[in-house]
Structure formats: structure tokens, C-alpha cells
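Heads up: the structure comes next, in C-alpha cells.
Number of protein chains: 2
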Amino acid sequence: MQLPLHIDPASRISLRQQLADEMRRMIVDGLLAPGSEVPSTRTLSLQLSVARNTVVRAYEKLIGEGYLEARSAAATFVCRDLPDRCTEVAHVATVVDRSPDRALRAPVDLSDMQLGLFSRPAQRLSHDFRIGRPDASLFPKAAWRRLVIECLGASQHALTDYGDPAGLWPLRVAIAGHLRHASGIRTRPEEVIVVAGSQEGLNLVGRLLNISDTTVAIEDPCYQGAAFAMKSLGARMCPVPVDDEGFDVSALCDRRAMLAYVTPSHQFPLGSTMSVGRRDQLLEWANRTDAYILEDDYDSDFRYRSSPLLALKALDRHDRVIYLGTFSKSIGPGLRLGYVVVPAHLAETARSLKALMNNGHPWLEQAVVSEFIGSGAFHNHLVRIRKQYLLRRDRLMHELEGLLGPLCFEGVDGGMHLTCHLPGDLPPAHDLQQQLKRVGVGIYSLTEAPVTRHARFAGDDHVALFGYPCLPESDICEAIGRLGRILAGRSRSRTATQVHDSRGARV
Amino acid sequence: MQLPLHIDPASRISLRQQLADEMRRMIVDGLLAPGSEVPSTRTLSLQLSVARNTVVRAYEKLIGEGYLEARSAAATFVCRDLPDRCTEVAHVATVVDRSPDRALRAPVDLSDMQLGLFSRPAQRLSHDFRIGRPDASLFPKAAWRRLVIECLGASQHALTDYGDPAGLWPLRVAIAGHLRHASGIRTRPEEVIVVAGSQEGLNLVGRLLNISDTTVAIEDPCYQGAAFAMKSLGARMCPVPVDDEGFDVSALCDRRAMLAYVTPSHQFPLGSTMSVGRRDQLLEWANRTDAYILEDDYDSDFRYRSSPLLALKALDRHDRVIYLGTFSKSIGPGLRLGYVVVPAHLAETARSLKALMNNGHPWLEQAVVSEFIGSGAFHNHLVRIRKQYLLRRDRLMHELEGLLGPLCFEGVDGGMHLTCHLPGDLPPAHDLQQQLKRVGVGIYSLTEAPVTRHARFAGDDHVALFGYPCLPESDICEAIGRLGRILAGRSRSRTATQVHDSRGARV
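If you're matching them up, the sequences are chains A and B in order. Residue numbers for the first sequence follow our numbering, so the first one is 1365 and each next one is one higher. Residue numbers for the second sequence follow our numbering, so the first one is 1365 and each next one is one higher.
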């Protein structure tokens, strides 16, 4: 086998490093399949005309990193269980630090914004309650393929010309229609700006309101992607505590801010729904202090009770609310498709800004999604996956209570994850997270999730987050079974410790 | 016919306005085809339960704007020749101005950056020498369709998960390979960041280098998208004149800047290629003053002579150059796909920043383009369209010289447009542009192109820009023929005027 490796002898990067980097990449991207044999060091050294020892040391490095395994002196294989990319991110950072060019003028400093952005698990977990991911197996593959082919057939100039920077018109019409039915928001398509996921929406709003050197009120705890976006645009953060009614507006009083960022349908990460009273208070605060509200409705397509509260945007009578939606949860993040709904007086500036930022979203995704919505297939897809997600949520709650007794849950009426307040006699969520990881189960504590926190609150170390859409019911049972075995082992060893202690006391 | 119109009686926008907006949109987006009859005012007033006079006035408005035409008292039709969307943009702006919410805190002010962003022609021209658009008829439709279907079939989790924010790895490898062959740039794929077209690349670089409150040296005249992006990020512009050797580095001397933005292969808009001496000087300046260079190689895939100069990025020995490339010219802007190549020490920060900005590009476009390059189809496509574009360039130059005699051209060795310095006895380019527009021909003067200018230079009003890729040779002949007839008419009327003048003098 000839590997298509690209090694540059003139580079400042050592040959060993280059070789390890290239092979790691081929493994990560599946060009070298897990379990497959790689060429012998001798073969590769001949192919690349590099010293055999260089290849040996590159292989050793990859063995140490968990990408390769040596089964005998002569045969090396790609590991079946691969570490994830974040290992390699750390690795690239090391290379950078060694670079002699650090004396160059420093770019923007994002060093305190690294962790959450790359918060992928260090290894893939077989039973992962990941937050905010739809189930790949429920993706509407056949319908999608058909729509893609149809749209391509009718594309004409769409691929070779610039579209409207604010988005494809039929998609903006379809989104306005969807919002009218789903969230009671009445908007004109002109006020809908198509963006590359809600992350871009956050940037668009931050730049639109010129938040540099202004104050932005955020939830505490807050979705990290939002806090980091605002911070990177130069805003000062004003954290406002969240309770079971959501964002505690009274903590704001008459404090002035350019913007308040909130997740009223399903607070991220805690899951609470903002009460009607708080909604009114927040709108009143914005109007009184001349502020805007950014309503991030990231997973509002998943409501499991019949009457959702009206969105802040639907209640807004003073053009104070900017609404952020996404198809990352309802269809998939691989589309990078979301939307911002702005008040009419901001629509034209938002469109110009989107043109300045990247001149609009790729055409095909927009065309397909507008057909997907327009044909009713989106509605049917939502009904179908909602039903599955609800079954999984119920199974998860049932299994957890079966194991631990009655529990305090939050965020169960909607969304794609729930919050479980673990009983106080259990280990902290972070410890459980580490122990479960070793047996292939992923749960999330507030310290290891894409969450920005300022103040602590009582019991916050016992908050565990479970995203349930990606695990079939049988996997949920198995995962909670593993949790049970860990807790049983712990209580056995605790009993043993107590015996030992009492024995010690007897001495 | 029941039109699916959405009218909101509770809106602050008048019913007439809403109705006109909705119908205009249906026309612009092809839901109402050019030439088709629209419902009578009576039918529509019954359908919508609005006063007939409201419908009459909405129709009158659209007739005035050129979207509808009344052929008789009872029958109204969609115009066959539609005005383009920019009319409607102006219209939205008017609505905004009337809004009572102007008292709200003002967002970012982009009012001086409007013109160029929406510089679409007011009407579609039959013979348009548009700048920087590939020919839709040469798009590789069949290959594209096949690759899209292949990629979708192998997608697995790609649509329902987040990808690497810096881009799909195989695409980054493919881009690094393409650059090695096409521009002599040796880069590791880790240093390639996939972005949504070069416009997003400009924003990424501006934010990466934290250019707010710093000086950015730009070409004068400069590509407007670049100047506006830097300006909107808070940088001060330092315009540097361009001559036939490109960016005049000597004008910079020891002036300090964070960044110099240049288009060395094919200066936008004038077309000159930066000389080798200037390239060395610029690199030396950057190293001496601790600045970065942003090399925008927007149309470098089109070289019509055998030996292109090495890119600044390929000559850079001090990690000073950031390189910007795009697939908008070589494949099509509807993909919104470009790339930034950063020095190794900026790679990890650039990746974090892209994650902050929008968490990466949609998957499908990336997968298809990486296959397109990897399979050799991109290379073949470039060979095929280069051949056509070269024929069109030659035809254009031949026809222009046939009409006007020997001419001074710039920017003919590469790219997708050329600059023609019109003879001094011709009207200024801007006047010709206006006259030609009336007969369906689009040429571009420096005042009506996406160009930012600071100083004037001698003869700049006689600079005409012609983008030739979209017009077949026969259309080029026809267009230049129309130019000929305008000039002939002008010289006839000038002769007549002279006769009149001389008669006047005789009196």
C-alpha cells in the first residue's frame, strides 16, 4: 500500500512530526480505517526516502497518542477505538508554541475562549448523552436526496451568481410562515436574515448593535458560544442569575445594557422556561432602559406539551426583541443554517452587515430547506422525531428514577436535553462524569459542558445534563445500568471503608 | 388563480404597501412569471377582503416601479423585462425611514457602505460585461450532480454533527495541493482555513489581527468589499496609489500599519500585476515594520500566459503573508466557498476564531469541492473554461480595437476582466456606461463598480472595465457593435452641433 503522504524536507517542522501529523490526519478522517494495518516502517521509509528511525519514532508517537497499536514487532495497526480530535488540537497548539515567530505582533487573544469551543469528548463514547445533537439515524435521507436533486436540476444561475446576502427569498418566506405557526411570531420575510447557524447570528447581532465597549447582560450560567461571541466583539459581560423561572430580571433593576441575551423557552444549560411574569418584566426593562433583547430559541422546535408560551418576539410591542433560530437541532448542524429575525427598523442594516460579513449563505442548503418546509416535509419530520425524542426522554427519566428514586428534573417540557439534580449523597456530577466516561457513557456536569459560569449556586456540583435524542431506548437502559453498577461498586467500597474505619477505631 | 399572499391587517405597514411588497416578491422570485396575467383588482380584493381601491393603488405602485403593466382597463400583466432587486432595496429603506422606531438606540452605521454592496444593475442587461462572474453555461453540471449524490450517499453523520470549524480535512488537503501546483505556495493543510468566500476571509483576518483602531494600508483604487470590511471592523484606511507595477510600496516608506491589503496577481480593479521588485519591497517593508500582508488572489486561477509570478505567500520567508483564495470565480459564488492560508503561528487562533464566527462551513459544498479537486475534475474544468475565457478576451480586444483603433489595455494576462483606457476624445466612461445601459449593454466605470477611491489619477474618468467570461463571442461582437452605433450617432450629432454653432457665430 502506497500512502499518499505529503512530507516537505525543506520545512522547519521535523520529518517525524510531519509524518505523524499526516498519518494522524488520515486516521482521523477515515482514510486509514480503524483496525487496518499500516505499512511497515521499512516500507514507508523507502517510499518517502526518509530514515527508517524517523518513521519508527513517528509510529511511536502515534502509538503513545492512541492512534496506532503494535500487535507484533513487524505489524502496526490503526486502533479500533480512536481518541477524538481534541487531542490533536492540543497537539497543534504545542507546535505553535515552539514556533520561532511568536515574536511577531500578537493577534487577537482567544486563549481564555479555547476550552468550550473544542469541547468534544477525548474519546468517542458508545453511550453518549451529548447535548444538542439530533439523531443521525432519524435524518430524512430519502426526502433530502430527492430535494437536492430537484433543486440542482432547477438551479440555472444559482451556483454561478451571488444571491441576496440576507438569504434566498423563498426560504425567508418559509421561515416567516413556520414562525407564525410554531411560535406566534408575526414577521415579514424582509425581517428574516438567513445566517450560518445561531453562532453567526450572535456575531451578526453583536456587530449590528455595535456592542464593543457596551454592557451585555447574559444568563448565569450561560451558553458559552454566546458569551464568547459577545466578549470577542469587545462587550462587557453582566451576568444575571437564572432560577426556575429563568432569567431573574429583578437583578437588572435599572442597570443599563445594550443587550440582554436570554434563552426563554429552554434555558441553556439548566432547562427552565421563563415565566410569563418574567417575560413581561424583561420587555418592560428593555423599553424603559432603551435596550435590545436577544431571544435565542435554539431548540424551540421540540415542545412536548401542547401550549408553548408565546415567544418574547411575539409579545414585543416596541421593536426591542431580536430573535435567533436554527435548523441545527431540527435538521442538522452540518447545514450551518439559522436565522435572525430583526425589528423592521434594523432589517436593512442587518442585510448590509450580512453582505459585509460573508455575502450570504450557500445556495443549495437554502433551496433544499425552503422546499423541505414548503412541501410540509419539515412538519412531518418534526412530528416524527418529536415522538421519538419524547419516548427517549421518558425512558431516561424512568430509568434514572428507577435507579435513584424520585428525582428533581428541569427542562423536561421541551428541548433536547434535561437537567437532573442528583441526590446529595451521590458523588458530584463531575466525578460521575469521569467515572462513566471510562465505561463508555457520556453525561455532562456544568464544569464540562459549553457553559460560562460566574456565580456558584447551591447544589450546582450535583447538576447533571443529559441529551437524549441520539440514544435509542435500549441504549438508555444500558447506560443507566452502567451508572447503577458504578454506584453499587462505590457503595460496596464505602461499606468496606466503613468496616475498615471501624476496625481501625477498634484498635 | 388564488395568489398565496400574506397580508396582516394588524401591521403598522399599510395594506397597500404590504400587498405591493408581497406581489413584488412573488414576481422577483419567479412565482409570478414574466408576461403572466395577475388576478383582477376585483378578484384580489374579494380574496383578501380588502377594499378594491387598496388593490388598485398597490397595482399602480407596481406599474410605476416596472413590475406590472396594464394592457387594458381589466387586464394587468407581469412585465416581461423586470427591474432588478436593487429597486426594491431602495424601497425597503424608505419603509424603514418612516418607522416610528428611529428613536431607538442606533445600530452600527453602515450608511456610507451601502452603494457598493448592492451594486447590482437596476435592470438586467442582455449584454453585460459584469465583473467577476463565471459563465453559468460552463458550470460542470453533470459532474457536480454526480458528486453531490455520491457525497450524500456517504454522508453518515456529516449533516447531523458539527464538523471541524476550520473546514473539512480532505478539502484543506486538496486546497494545499492545488496551491502547491498553481501558485508555488507550500502550506500544510493545518494552515488552510475554509471560509464562506473571500468576503468572510477578510473579516476573519481583520478580527484575527485585531485591526480595530489600527492602520490598514489599502490599494487606491481598492476593492470595495475589502475596504468596507476593514472599515466596519474599526480600522483606519491608509490608501496607497497603484500604478502599472501594482501597489506603490515606496509611498509607504517607514509608515507603520498592522496590515497591507493587496491584489498582486491582478489588481482590482485596474488589472496590473505587481512586479517582482515591488513584491520584494513589500515583503521587506512588512518585516521591517512588523506588519502583515493580506494577499487577495481572487482570480489567480485564470492565467493566460505560461509562467505566473510566484505569489507573495510563496516568497514569504518571515511568516508575514496571509493568503486569500476563493472558488467564487473558478466554480461559482453560489457555493460561498473560499479559504485563508495563515502562517503556522496564527493557525490555531484562526481556527478558534472561525469557530466563534460561525462554527464552520456547510458540509456538502466542502465534500463536493474536495472530491471535485481530488478527482482531477477541477483541473479539467479550469482548462476548459480558461480556453473559453481566453477566446472571449481576445474577441473583446479585437472588436474594441477594430472600432476605436489601437488601445491601451491593462490586466489582460490573467483574471476575468480587463481595463481599457478609452481614447481622450471619447466621452468619459461613466457617460458611455449610462448610454450603453439603455441599449442593454453593461460596461463599468470606476465610479460605478465595487471600487473605493481616494485620490484621482489622470485619465481615471476614461477607464472602462469589461468582464468577459459571461458573454459568448457573438454577444461580444453585438455589444461592441452597439457601442459603435452610439459613438457614430454622437459624432453625427456633434457635427450637427458644430454646424449649428458655426451658424450661430456667423449671425
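Where a beta carbon is used, it is the ideal one built from N, C-alpha and C, also for glycine.
- Counting only unbroken stretches of 3 or more residues, the beta strand (DSSP E) elements lying wholly within the stretch 1696-1775 of chain A are 1702-1705, 1772-1774, in sequence order.
- Counting only residues of its own chain and dropping the five nearest sequence neighbours on each side, Arg1571(B) has a CB closer than 8 Å to the CB of Leu1597, Leu1717, Met1721.
- According to DSSP, His1491(B) shares a beta bridge with Val1805(B).
- The three-state reading of DSSP puts Thr1579(B) in strand, counting E and B together.
- Contacts with chain B (Cβ-Cβ distance below 7 Å) from the stretch 1713-1741 of chain A involve Thr1713, Ser1716, Leu1717, Ala1719, Leu1720, Met1721, Asn1722, Asn1723, Gly1724, His1725, Pro1726, Trp1727, Leu1728, Glu1729, listed in chain order.
- Between Asp1777(A) and Ser1629(A), the alpha-carbon positions lie close to 9 Å from each other.
- Taking CB atoms only, Arg1571(B) has a neighbour in chain A less than 9 Å away.
- Annotation: Gly1527(B) to Ala1599(B) spans about 32 Å, alpha carbon to alpha carbon.
- Three or more Cβ pairs closer than 8 Å define a contact, and the stretch 1520-1538 of chain B meets that threshold against the stretch 1552-1559 of chain B.
- Here Ile1695(B) is not near Pro1833(B), since their CB atoms are 9 Å or more apart.
- If you draw a straight line from the Cα of Glu1812(B) to the Cα of Val1827(B), it comes to about 11 Å.
- Under DSSP, Gly1428(A) takes part in no beta bridge, so it has no partner.
- Leu1623(B) carries a strand assignment under DSSP once its states are collapsed to helix, strand and coil.
- Under the Cβ criterion (8 Å, minimum of three pairs), the stretch 1647-1662 of chain A does not count as touching the stretch 1511-1527 of chain A.
- Chain B places a beta carbon closer than 9 Å to that of Gly1598(A), counting this residue as a contact.
- The residue from Glu1583(B), Met1622(B), Ala1615(B), Leu1679(B) with its alpha-carbon nearest to that of Val1640(B) is Leu1679(B).
- Among the CB atoms of chain A, one or more fall inside 9 Å of the CB of Pro1697(B).
- For Thr1816(B), the closest Cβ of chain A is not nearer than 9 Å.
- Note: Met1601(A) is bridge-paired with Val1580(A) in the DSSP secondary-structure output.
- Exclusion of the five residues before and after Ala1615(A) leaves Val1604, Pro1605 as the residues of its chain whose Cβ lies within less than 7 Å of its Cβ.
- In this structure, Ile1549(B) lies away from Leu1623(B), with their beta-carbon atoms at least 9 Å apart.
- Leu1566(A) places its beta carbon 9 Å or farther from that of Leu1474(A).
- Closer than 8 Å at the C-beta level to chain B, one finds these residues of the stretch 1546-1580 of chain A: Arg1550, Arg1552, Pro1553, Glu1554, Val1559, Ala1560, Gly1561, Gln1563, Glu1564, Asn1567, Arg1571, Leu1572, Leu1573, Asn1574, Ser1576.
- The beta-carbon distance between Asp1660(A) and Tyr1625(A), rounded to whole angstroms, is 7 Å. This is short enough to meet the 8 Å contact definition.
- Per the coordinates, the alpha-carbon of Arg1681(A) lies some 27 Å from the alpha-carbon of Gly1779(A).
- Judged by beta-carbon spacing, Val1705(B) lies within the 9 Å limit of Gly1689(B), meaning their Cβ atoms are closer than that value.
- Excluding five sequence positions before and after Glu1735(A), the CB atoms of its chain that fall closer than 6 Å to its own CB belong to Leu1511, given in chain order.
- Put simply, the stretch 1749-1765 of chain A does not touch the stretch 1798-1814 of chain A. Fewer than three CB pairs are less than 8 Å apart.
- Shown here, Gly1541(A) sits in a helix according to DSSP, grouped into three states.
- Between Arg1389(A) and Tyr1431(A) a beta carbon distance of about 10 Å is seen, past the 8 Å cut, so the two are scored as non-contacting.
- Using a Cβ-Cβ cut-off of 9 Å, Gly1527(A) counts as an interface residue toward chain B, since at least one Cβ of chain B sits closer than that to its own.
- One alpha carbon belongs to Glu1842(B), the other to Gly1853(B), and they sit about 17 Å apart.
- Between Ser1809(A) and Asp1825(A), the CB-CB gap stays under 9 Å.
- For the 9 Å CB-CB criterion, Leu1728(B) and Leu1516(B) form a contact.
- Of Ser1413(A), Val1472(A), Ser1404(A), Ser1400(A), the smallest CA-CA separation from Asp1445(A) is found for Ser1400(A).
- Shown here, Ile1377(A) sits in coil according to DSSP, grouped into three states, outside any helix or strand.
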